[in-house]
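From first to last, the protein sequence lines stand for chains A and B.
At position 85 of the first sequence the residue is numbered 85 (our numbering), and the sequence of numbers has no breaks.
Numbering-wise, our numbering comes out as the position in the second sequence, counting from 1, plus 1000.
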Amino acid sequence: DTEVTQTPKHLVMGMTNKKSLKCEQHMGHRAMYWYKQKAKKPPELMFVYSYEKLSINESVPSRFSPECPNSSLLNLHLHALQPEDSALYLCASSHPSRAQGDTDTQYFGPGTRLTVL
Amino acid sequence: AQSVAQPEDQVNVAEGNPLTVKCTYSVSGNPYLFWYVQYPNRGLQFLLKYITGDNLVKGSYGFEAEFNKSQTSFHLKKPSALVSDSALYFCAVRRSGYSSASKIIFGSGTRLSIRP
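Here it is as structure tokens:
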């Protein structure tokens, strides 16, 4: 089973709203990722959690706040977003590689389509 | 620094013909290479990966990719295209070695269009 689930599928919010995106995986993966993807562009890495600790923050504005409550869940809290933040937000997970020759293939969820009005 | 180039924005192929989607990479050390496919309004689906060993890697849906170290390429291929293969394809790379959480670099993507 290589399933990553994301909720909601679609989200429309105003610039003053607070909302959250949720991601869940039950593959025992200990690395989880948030990406932002604009139309017809490659995904852009936002955050990486490794063993429930934030390990990479790609200089993302503070209006995006990640949270990893446990090894299966990853949240992205949104507050005071701008219209240019409208995009597809993708979550991914992977096993950490432990030896030369291992790979930590990332498996992606279906994404949340966010529209900021 | 790591980078990936997909030189073609779009590839058009007739159904039943072979297809190739090109990818070249730059990475220090040995690469781990990946291909992902994305259907409209969907997440990325993992197709295949190269770690080490046999240069020809077989993946999902009849796709395969050939690793060429001298040309630093990892082209995606399929002997006979289907209309359902029409999608956006991403090549990705990261440097081999241990990492608790990797940062992979994606190419710009190639839109594959298969005409009936």
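Ideal placement from N, C-alpha and C gives every residue a C-beta, glycine not left out.
Presumed contact (8 Å Cβ cut-off) between residue i and residue j, rounded CB distance
{"i": "asparagine 75 (chain A)", "j": "serine 20 (chain A)", "result": "5 Å"}
{"i": "glutamine 1038 (chain B)", "j": "leucine 1044 (chain B)", "result": "5 Å"}
{"i": "serine 72 (chain A)", "j": "glutamine 25 (chain A)", "result": "6 Å"}
{"i": "alanine 1092 (chain B)", "j": "tyrosine 1036 (chain B)", "result": "7 Å"}
{"i": "phenylalanine 1090 (chain B)", "j": "glycine 1107 (chain B)", "result": "6 Å"}
Classification of residue i by the beta-carbon crowding that lies within 10 angstroms, buried from 16 upward
{"i": "leucine 117 (chain A)", "result": "exposed"}
{"i": "arginine 1094 (chain B)", "result": "buried"}
{"i": "valine 1004 (chain B)", "result": "buried"}
{"i": "glycine 28 (chain A)", "result": "exposed"}
{"i": "alanine 92 (chain A)", "result": "buried"}
{"i": "alanine 39 (chain A)", "result": "exposed"}
Interface flag, residue i vs chain A, CB-CB below 9 Å
{"i": "glutamine 1002 (chain B)", "result": "no"}
{"i": "phenylalanine 1067 (chain B)", "result": "no"}
{"i": "tyrosine 1036 (chain B)", "result": "yes"}
{"i": "leucine 1044 (chain B)", "result": "yes"}
Contact with chain B by residue i, beta-carbon distance below 9 Å
{"i": "phenylalanine 108 (chain A)", "result": "yes"}
{"i": "glutamine 82 (chain A)", "result": "no"}
{"i": "lysine 41 (chain A)", "result": "yes"}
{"i": "threonine 7 (chain A)", "result": "no"}
Same chain, Cβ closer than 8 Å to residue i, neighbours up to 5 away in sequence not counted
{"i": "proline 1007 (chain B)", "result": "Lys1022 and Thr1024"}
Same chain only: Cβ atoms within 6 Å of residue i, ignoring 5 sequence neighbours per side
{"i": "serine 1026 (chain B)", "result": "Ser1003"}
{"i": "proline 83 (chain A)", "result": "Val116"}
Starting from the N-terminal side, write out each stretch of the alpha helix (DSSP H) that is 4 residues or longer and does not extend beyond the stretch 43-93 of chain A.
None, since the stretch 43-93 of chain A contains no complete alpha helix (DSSP H) of that length.
What are the complete beta strand (DSSP E) segments, minimum 3 residues, inside the stretch 1020-1101 of chain B?
Runs of the beta strand (DSSP E) inside the stretch 1020-1101 of chain B: 1024-1026, 1031-1038, 1044-1050, 1056-1058, 1064-1068, 1073-1078 and 1087-1095.
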